[in-house]
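Numbering (my numbering), first residue to last: 43 to 182.
Here a beta-carbon is modelled for each residue, glycine too, at the ideal position from N, C-alpha and C.
These numbers were taken from a predicted model, which means no experiment stands behind them.
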Amino acid sequence: MKSALVGAMIASGVTWREMVPLVFDLRRQEIARVKPRSVLINGIRQESLFQGEPLRAYIARILPATRWEDISMPFQVNAVDLETGLTDWFGVGARTDASLADAVYAPAALPVFYPPVQIGSQVFVDGGSGKESHPCRRLA
């Protein structure tokens, strides 16, 4: 997720000097809130340890671009379709049916830790979780 977020910020025109304060101001509770039910005896049945919405809200808040059309340079991010196990790509030259924030959140949806994200009728998790990884599409 870190590389997806940094890449999206750079593609949105954010400089490293603008990113540094964001890194130092970030507090764990902003992005890693434990689901209360996950620590109970039957917590193993929960889809994740952490709530996904705080992290998604943080991503949406710090990204200056909200749409793929708003970014100033080619950018792609991948995630795995939870049903098929295949890697899918989002961004310039790939799928753009997801919001930029959802596409950046998807690689953070590491099974057990953060819940998957639904994009259209598909559910996605971290891009390293798949059966098959396709090479990055050539950016136009």
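Same chain, Cβ closer than 8 Å to residue i, neighbours up to 5 away in sequence not counted
{"i": "serine 61", "result": "Position check: residue 61 holds methionine in this sequence, whereas serine was assumed. Same-chain partners within the cutoff: Val48, Met51."}
Residue i to residue j span [Cα, whole Å]
{"i": "valine 165", "j": "proline 158", "result": "6 Å"}
{"i": "glycine 169", "j": "leucine 64", "result": "25 Å"}
{"i": "arginine 180", "j": "methionine 115", "result": "Since pLDDT at arginine 180 reaches only 43, below the 50 mark, its modelled position is unreliable, and no value is offered."}
{"i": "aspartate 139", "j": "tyrosine 147", "result": "14 Å"}
{"i": "serine 54", "j": "leucine 97", "result": "19 Å"}
{"i": "aspartate 67", "j": "alanine 151", "result": "23 Å"}
{"i": "arginine 103", "j": "valine 56", "result": "13 Å"}
{"i": "aspartate 123", "j": "arginine 109", "result": "21 Å"}
{"i": "glutamate 125", "j": "serine 163", "result": "10 Å"}
{"i": "phenylalanine 117", "j": "leucine 128", "result": "20 Å"}
{"i": "phenylalanine 155", "j": "glycine 135", "result": "30 Å"}
{"i": "asparagine 32", "j": "aspartate 130", "result": "Because residue 32 is not part of the residues shown, which for the chain are 43 to 182, the question remains open."}
{"i": "alanine 145", "j": "phenylalanine 132", "result": "7 Å"}
{"i": "isoleucine 18", "j": "proline 149", "result": "Outside the displayed range of the chain (43 to 182) lies residue 18, so it cannot be described from this structure."}
Residue i, enclosing beta strand (DSSP E) - first and last residue
{"i": "valine 56", "result": "Premise fails: valine 56 is in no beta strand (DSSP E) and is neither H nor E."}
{"i": "valine 167", "result": "164-168"}
Where the alpha helix (DSSP H) through residue i begins and ends
{"i": "isoleucine 161", "result": "Looking at the DSSP string, isoleucine 161 is not in any alpha helix (DSSP H); the run it does join, the beta strand (DSSP E), is 159-161."}
{"i": "alanine 107", "result": "Alanine 107 -> no alpha helix (DSSP H), and no H or E assigned at all."}
Coil, strand or helix - residue i by DSSP
{"i": "valine 146", "result": "helix"}
{"i": "leucine 128", "result": "strand"}
{"i": "aspartate 139", "result": "coil"}
{"i": "leucine 64", "result": "helix"}
{"i": "isoleucine 113", "result": "coil"}
Strand pairing of residue i, partner residues [DSSP]
{"i": "glycine 133", "result": "Gln118"}
{"i": "aspartate 123", "result": "Phe166"}
Contact set for residue i: own chain, Cβ-Cβ below 7 Å, skip 5 residues either direction
{"i": "alanine 107", "result": "Ser54, Ile113, Leu142"}
Residues near residue i by beta carbon distance below 6 Å, same chain, minus five either side
{"i": "glycine 94", "result": "Tyr156, Pro157"}
{"i": "valine 167", "result": "Val122, Leu124, Ala151, Pro153, Pro158"}
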